[in-house]
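**Q**
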Ligand SMILES: [Zn+2]
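Numbering (our numbering), first residue to last: 23 to 253.
1. For residue 210, collect the residues of the same chain with a Cβ closer than 6 Å to its Cβ; drop the 5 residues on either side in sequence, then sort them by chain order.
2. Residue 226 lies in the alpha helix (DSSP H); which residues open and close that run?
3. State the start and end residues of the unbroken alpha helix (DSSP H) segment that holds residue 61.
4. Measuring only the C-alpha atoms, how far is residue 165 from residue 212?
5. For residue 162, does the count of other Cβ atoms within 10 angstroms reach 16, so buried, or fall short, so exposed?
6. Between which two residues does the alpha helix (DSSP H) harbouring residue 44 extend?
7. Thinking C-beta only, is residue 61 closer than 9 Å to residue 76?
8. Assuming residue 40 and residue 110 are in contact, meaning their beta carbons sit under 8 Å apart, how far apart are those beta carbons, in whole angstroms?
9. Using the C-alpha atoms, what's the distance from residue 170 back to residue 177?
10. Am I right that residue 43 and residue 54 are in contact with their C-beta atoms under 8 Å? What's the rounded C-beta distance?
11. Within 10 angstroms of its Cβ, does residue 172 collect 16 or more other Cβ (buried), or is it exposed?
12. Roughly how many whole angstroms lie between the Cα atoms of residue 204 and residue 232?
13. If I follow the unbroken alpha helix (DSSP H) through residue 157, where does it start and stop?
14. Would DSSP call residue 94 helix, strand or coil?
15. Considering only heavy atoms of ligand 1, does any lie closer than 8 Å to the CB of residue 83?
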């Protein structure tokens, strides 16, 4: 199979839609940082330049995916496509500004911004507390979470950085991260490629730990908010 160059317009479209975020970094680690990387052919066929067969991957994952080393052998192209499509959808609906990201929270958290707020801060704080509780409730109910609910959660809790100290922003980012991990483990467990064996057991255990984490976090949620919300 002969290599055909990916058309410039297609390359631009992929770089734009992915905002240079790597779907594997995102899918496995909830990592939405900008990466140096290149466009990969997901079916390993370099003549197949279908848009659906292409994804921007960071250099590390590009090498791993191409080289079929141990980690990515268990990572199927359909899974990478799912993470890629999730990312595309996130950026289309959310843009890049609202991604929960610890570094951004650290830069933005300062008293000046908080002091400038003139509206009823308490009501806004309560709203965010309720959004978090609602999101955790969905996860506890379904033992899973849909991408649209993750997007809504990110949107609705976006202003937390102005309303609370860093601890709450960190908690929100952690919840978001754990939720994407939960989605990933559920997808792996439901994948027809994942046979019964050690890898499946490991993922099932990770899945259980995540659900325990969500249950614990739900119980402790009020105590995180007491300092801000008790009258
Ligand atoms: Zn990556």
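Note that beta-carbon positions come from the ideal geometry of N, C-alpha and C, so glycine has one too. Source: prediction; values computed, not measured.
**A** Taking the definition as stated:
1. Along the chain shown, one-based indexing puts residue 210 at 188. Counting only Cβ-Cβ distances below 6 Å, and skipping sequence neighbours, we find 216, 225.
2. On the chain shown, residue 226 is found 204 positions in, with the first residue counted as 1. 220-251 is the span of the alpha helix (DSSP H), which, as asked, contains residue 226.
3. Translated into positions along the chain shown, residue 61 becomes position 39. Note, residue 61: premise wrong, no alpha helix (DSSP H); beta strand (DSSP E) at 59-63.
4. Counting from one through the chain shown, the residue named residue 165 turns up at place 143. Counting from one through the chain shown, the residue named residue 212 turns up at place 190. When rounded, the distance between both Cα atoms is 13 Å.
5. The sequence position of residue 162 within the chain shown is 140, counting from 1. It counts as exposed.
6. Counting from one through the chain shown, the residue named residue 44 turns up at place 22. No alpha helix (DSSP H) contains residue 44, which DSSP labels as neither H nor E.
7. Taking the first residue of the chain shown as 1, we reach residue 76 at position 54. Taking the first residue of the chain shown as 1, we reach residue 61 at position 39. Contact annotation: residue 76 and residue 61 have beta-carbon atoms nearer than 9 Å.
8. In the chain shown, the residue the question calls residue 40 occupies position 18. In the chain shown, the residue the question calls residue 110 occupies position 88. Their Cβ separation, rounded to whole angstroms, is 7 Å, which keeps residue 40 and residue 110 in contact under 8 Å.
9. Taking the first residue of the chain shown as position 1, residue 177 is located at position 155. Taking the first residue of the chain shown as position 1, residue 170 is located at position 148. As the crow flies, the alpha-carbon of residue 177 is around 11 Å from that of residue 170.
10. Taking the chain shown and counting its residues from 1, the one referred to as residue 43 is at position 21. Taking the chain shown and counting its residues from 1, the one referred to as residue 54 is at position 32. The pair is a contact, with the Cβ atoms about 5 Å apart (cut-off 8 Å).
11. Sequence index remark: in the chain shown, residue 172 carries index 150 (1-based). Answer is buried; the Cβ neighbour count reaches 16.
12. As a first step, residue 204 is located in the chain shown; it is residue number 182 there, counting from the start. As a first step, residue 232 is located in the chain shown; it is residue number 210 there, counting from the start. Straight-line Cα distance between these residues: approximately 6 Å.
13. Looking up residue 157 in the chain shown gives position 135. From DSSP, the alpha helix (DSSP H) with residue 157 extends over 143-164.
14. As a working mapping, residue 94 is identified with position 72 in the chain shown. Summary for residue 94: the model assigns pLDDT 49, below 50, so the residue's position carries little reliability; its value from the coordinates is reported in the next sentence. Of the three classes helix, strand and coil, the one that applies to residue 94 here is helix, per DSSP.
15. For the purposes of this step, residue 83 is taken as the residue at position 61 of the chain shown. Yes, the beta carbon of residue 83 sits closer than 8 Å to at least one heavy atom of ligand 1.
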